[in-house]
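Residue numbers (the numbering used here), protein chains in the order written: chain A, 717 to 879; chain B, -9 to 320; chain C, 2 to 368; chain D, 696 to 932.
C-beta atoms are modelled at their ideal positions from N, C-alpha and C, and glycine is treated no differently.
The structure presented is a predicted model; accordingly, all values stated were derived computationally and were not measured.
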Amino acid sequence: MFGIFKGLGVTFGQMTKKKVTLQYPDVRINMPERYRGIHQFIPELCIVCNQCARICPTDCISLSGTRNEDKKLRIDTYDINFEICILCDLCVEVCPTEAILMTPRFELASYTRDELYKDMEWLYGNHLGEFGSHEQAMAAQAAREAEHAAAAAANGVEPGGDS
Amino acid sequence: MFSWQATPLRPLTLLGMLIGVVVVLALVLGIVTYLIYFERKVIGWMQGRIGPNRVGPLGLLQSVADVLKLLIKEDIIPANADRALFLLAPVIAFVPSFMVLAVIPYTASHIFTANLNVGLLYYIALSSLTILGIVMAGWASNNKYSLLGGMRSAAQMISYEIPLGLSVLGVVMLAGSLNLVTIVQHQATDRFGWYIIPQIIGFVVFMIAALAELNRTPFDLPEAESELVAGYFTEYSGFRFAFFMLSEYVYVFAISALATTLFLGGWAGPFLPSWLWFAIKTSAIIFFLFWVRATMPRMRGDQLMSFAWKVLIPVALFNVVLTGALSLIG
Amino acid sequence: MCALRSEEMILNVGPQHPSTHGVFRLVVTIDGEQIVDADPVVGYLHRGTEKLAEDLQYVQIIPYTDRLDYVASMLNNYALCHTVEYALDLEVPARAEYLRIIVMELQRVASHLLFLGTYLLDLGAMSPFLYAFQEREQIIMLFNEICGARLTYNYMRVGGVQWDAPPGWIEKVRDFTAQMQKKVPMYHQLVTGNEIFLNRVRGIGVISQEDGIAYAMSGINLRSTGFNWDLRKNRPYSIYDQFEWAVPVGKNGDCFDRYFIHLQEIEQSLNIVAQAVERVPDGPIIGKVPKLVRVPAGEYYRGIEGARGELGVYLVSDGKDKPYRLKLRRPSFVNLQILRKLLIGQSMANLIAILGAVDIVLGEVDA
Amino acid sequence: MPDDVTEGQAERTAAEKQAVAAKPAATDAKPAAEAKPAATDAKPVAEAKPAAEAKPAAAKPAKAAPPPDPRVVAATAVAEQIKASLERALGPGVVDETGAFKDVPQLVIASGKWLAAARFLRDEPEHAYTYVELFAGTDYKDKGYIEVALYVQSVANNRFINLKVRTPRDDAKLDSLTGLFPGVNWEEREVYDLLGVVFTGHPDLRRIMMWEGWNGYPLRKDYSPFENIPVKGGNGS
């Protein structure tokens, strides 16, 4: 009989412990920097080398490009089918120019399947946020990082620490 | 003290009775609503969660929302079910649970409840009726899981009726009455105080048997989710399902109220009003039931049976003998 | 007058039953609550990983292995990478080996915690499930930091690992390990001593040592019979021989032993992690691996000690960059075969206790 | 540097790949990763066969690389011993082939003697191969046979061998080992299901992964999902 009371003691003791529930839509889980969420795509950087489409284990990336007058390839369409994308990060790994990256965004629920077929615009918008172009977004990010580093230095913490 | 039996039936008293019934029903529905809320909160706290917190302030309207949802859900009657029995079962399960509340003395002047001189007997007799509803539900659903659940339920509840009845015998012997009001009054004057002290064995047996009667963890075999999906109410939906849930929680309240009455001195207590004392004591027992639910795994059928017949009944019988001997000496 | 006679009933447990942990179906013939016959039906989650792998490069197969035993993806990752490394005779840098050991043992802890939680939930106790998930969540967040995913890690590569530990990660692991080591007694208090629990699992689902070997069982199921067989010790791979730890072994081969060894293995794994975090060397995290891995023709089999038993990868290569045939020896699949033998004669309540203790993951059973 | 470069791409070392793959903000990619380890001379046993490694595309068996790997030599010797023992007990012609891959001895058993050989190796205390670790079938379409590999461990003698047996593709039939090792029951069903090898004497030979109406054997190399349209609701293919 003694073991039962020990167990009762454990559960009673838990009453006063800190609760771990996260009030999800209001409070969001703080995803670390490396989190492999929905992609962002930066057409300015893409050289249409097709490596991402080739490495993709589920063949969810399709892209097409044309050759410019200066003999450079320019991306025309870039689609990721998030119905089958498994967010394995291999496309990001092989991209030589970091044109495709992953964001900490993870919410992709939708009412229809076709909404999960994301095109270049959408993936670019994922990267741009409120900024007009890639340059502006990068500048804003650099500024944010500098600010972060300054704040961290002021607090005596090494920059680039855990998130 | 006001008693229905002593009062002749006149239109006015009939009206009074009806009002009493409605008030108790409303009260009980309110209690059950917050019982469920309380259970979810307590178990949540014990598991590092915060429990319901979205509907209404602090989630207070969660149970109301649940009931509303059940009300507007489609009422499904399986094609192969025994239709008449299927429809009847929830009613048979629910009505006795509500009827037993008639004899519980909630306050010192228990204006809405019957001062029945066989109150305890009435309670135990009526509460057994629920088994019928459950077995009926298990049979009528024409579902194998339901059938197993109904079977288990019948075996379990019949087995545990006996220790439950035996365990309260000691109290009856001490008080010399089956009237719950008299039992409470006796406890105020008894030299040991509340009967939980002289009847501690009876109290333990009563609590265990009560848990089994309620089909609650660790005796929740009839609805064992991990084995039988939902046991006897697997096929029920909507408001019929709500009836089963309702009767289960009314019984939680009723059995706690009975335990309070029999062992914890009922409404008696200093300073505070009597109904508040009753509420506090009942809540404590209800909390205990929830606490056990948060801790225990489920027992197995055969162990459950042998526990009832080989441990609880002998212990309860021993308690009866002991009480008799003590009363002879004392 | 005909004699009183009971009729047998066929009960279909699953594939949507709450206790089959996925889409496992069990057709049991019962007489009352007594099981007369049981026929496990698997394959509801068959995705043809082995066939798919024949069309994929080795690096592309790794994300697929994540999805086999999806509560122990790191170990699956390792099983594949290890076999390819074995085929190539590839040297893995020390830092990578240490990171692998840390994540693999943490993964084992996470997987065992999940077993604990769900097993107790099957037996009707709710709270241990939530406690176990609280600890498991911390491990998952550690994995999230190192590789950016919470369940399907895709962390290991042929020749090493994909990401180095972020700054402060090792310290976090150290803290977690110390904290978790203190938490284990809580489970003993809550569960191991509980008489109701003991009555339900003692002497139930007994596997004899002969049966364990004949049925090719592995992992905790085999060790619970008292047979000391842990590939980390018996056929050492990686750097397990550099740590001090013990192999917990049972006596009776019943469900209780299986439960208890899970808890003991959590302690041992934490022990390994605690030693590993103290000695993580600096250096590269991936060896000198060709960009496109080509395995020399031949066939290779390597088994590692997965969370549920021997997790093996059988690789037939014809020298191309894709396997000719990839067979995965999934411990859950092999362990599950004994289920019928264990179930016959038991009651419905024991069915759940036995099935839970065999500890299967359907992603792995069906591959 | 490995010589297998993918079509015209700038070749990157593993270290570069690592650096690129790290997220821009993740400043933690250790510069140490640039320092490439001298992996080739760090290999303890592998010196014997760098040729096989450097030219994997040549698709020649590992054991053919000169000079032979000492592990392979040792394992082949073990295989020869077992072969001798088997032939002493069951007569000549039991073992078609012996060999080894890495440290695992391999014996190809004649398909007619499959059950007898497995029983002998299990029961003879000298061998005592009791613990089955792997049971796998492979379809060699070009060679016209299906090969079943059985990796067994002798717990008592701490030995590990690979027994193989071959059966023609068009009439794939083998003795079931279920009587010897109950643990290969489902494995045999899986091989039957996915490769179409009929195991005679199996107590319960049904499909296990696919449903009964499935048409064809998916793991065969010539399987095509377009030609093998499943039979809906039918039983047997």
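| Query | Result |
| --- | --- |
| Name, going along the chain, the residues of the segment 15 to 30 of chain C whose beta-carbon falls closer than 7 Å to a beta-carbon of chain B. | His18, Pro19 and Ser20 |
| Taking the beta strand (DSSP E) that Pro1(B) falls in, what are its first and last residues? | Run containing Pro1(B): none in the beta strand (DSSP E); it sits in the alpha helix (DSSP H), Pro1 to Met36. |
| Kindly list, in the order they appear in chain C, the residues whose Cβ is closer than 7 Å to that of Lys134(B). | Met10 and Leu12 |
| Can you name the residues that DSSP bridges to Pro863(D)? | Tyr840(D) |
| Residues in the same chain with beta-carbon distance under 7 Å from Arg137(C), minus the five sequence neighbours each way, listed in chain order, please. | Ala111, Leu114 and Leu115 |
| Once you ignore the five residues that flank Thr153(C) on each side, which residues in its own chain have a CB closer than 8 Å to its CB? | Pro64, Asp67, Arg68, Tyr71 and Ser74 |
| According to the neighbour-count rule (16 or more other Cβ atoms, all chains shown, within 10 Å of its Cβ), is Phe921(D) buried or exposed? | exposed |
| When DSSP builds the beta bridges, which residues end up paired with Phe757(A)? | Ile816(A) |
| Taking the beta carbon of Pro863(D) as the centre, do at least 16 other beta carbons fall within 10 Å, making it buried, or is it exposed? | exposed |
| Below 7 Å on C-beta distance, what does Thr732(A) contact in chain C? | Ordered by position in chain C, no residue passes the 7 Å Cβ test against Thr732(A), which lies about 15 Å from the chain. |
| Compare the C-beta of Met286(B) against all C-beta atoms of chain C and say whether one is closer than 7 Å. | yes |
| Alpha carbon to alpha carbon, how far is Glu151(B) from Ser118(B)? Give it in angstroms, no decimals. | 8 Å |
| Measure how close the beta-carbons of Met141(B) and Ile121(B) come, nearest whole angstrom, since I'm counting them as under 8 Å. | In fact, because the Cβ distance is near 11 Å, the residues do not count as touching under 8 Å. |
| Does any residue of chain B have a CB that is nearer than 7 Å to the CB of Gly723(A)? | yes |
| Using a Cβ cut-off of 7 Å, which residues of the segment 318 to 341 of chain C contact any Cβ in chain D, in chain order? | Asp319, Gly320, Arg326, Lys328, Arg330, Phe334, Val335 and Gln338 |
| Quick one, which of Phe130(C), Trp170(C) and Val162(C) has its alpha-carbon nearest Glu146(C)'s? | Trp170(C) |
| Which value, in whole angstroms, describes the spacing of the CA atoms of Leu829(D) and Glu225(B)? | 44 Å |
| Helix, strand or coil for Lys808(D) per DSSP? | helix |
| Given a limit of 8 Å on CB to CB distance, which residues of the segment 36 to 56 of chain B reach chain A? | Met36, Gln37, Gly38, Arg39, Ile40 and Asn43 |
| From which residue to which residue does the beta strand (DSSP E) around Pro41(C) run? | Gln35 to Val42 |
| If the criterion is Cβ atoms closer than 7 Å, does the pair Ala823(D) and Ser849(D) meet it? | yes |
| How long is the line joining the alpha carbons of Thr250(B) and Glu266(C), rounded to whole angstroms? | 46 Å |
| Could you work out which residues of chain B lie near Val743(A), taking near to mean beta carbons separated by less than 7 Å? | Simply none; closest approach about 12 Å. |
| Arg750(A) and Glu799(A) - do their beta-carbons sit closer together than 7 Å? | no |
| Compare the C-beta of Met147(B) against all C-beta atoms of chain C and say whether one is closer than 7 Å. | no |
| Closer than 8 Å, Cβ to any Cβ of chain A: which residues of the segment 176 to 192 of chain C, in chain order? | Met187, Gln190, Leu191 and Val192 |
| If we count the other Cβ atoms within 10 Å of its Cβ and call it buried at 16 or more, is Leu802(D) buried or exposed? | buried |
| Check whether the Cβ atoms of Asp1(C) and Leu293(C) lie closer than 7 Å to each other. | Beyond the ends of chain C as shown, which are 2 and 368, falls residue 1(C); an answer cannot be given. |
| Hey, which unbroken runs of the beta strand (DSSP E) at 3 residues or more fall wholly within the segment 261 to 291 of chain C? | none |
| Does the segment 904 to 920 of chain D touch the segment 828 to 847 of chain D, meaning 3 or more C-beta pairs lie closer than 8 Å? | yes |
| On the CB-based measure, 16 or more other CB atoms within 10 Å of its CB, does Gly729(A) come out buried or exposed? | exposed |
| So for Asp319(C), helix, strand or coil by DSSP? | coil |
| Does DSSP classify Asp32(C) as helix, strand or coil? | strand |
| Three or more C-beta pairs closer than 8 Å, one from the segment 229 to 236 of chain B and one from the segment 37 to 51 of chain C: is that the case here? | no |
| Check the Cβ of Trp265(B) against every Cβ in chain A and list those closer than 7 Å, keeping chain order. | Under the 7 Å cutoff, chain A gives no residues; its nearest Cβ is about 27 Å from Trp265(B). |
| Taking the continuous beta strand (DSSP E) assigned at Gly49(B), which residues delimit it? | Neither: Gly49(B) is in no beta strand (DSSP E) and is coded neither H nor E. |
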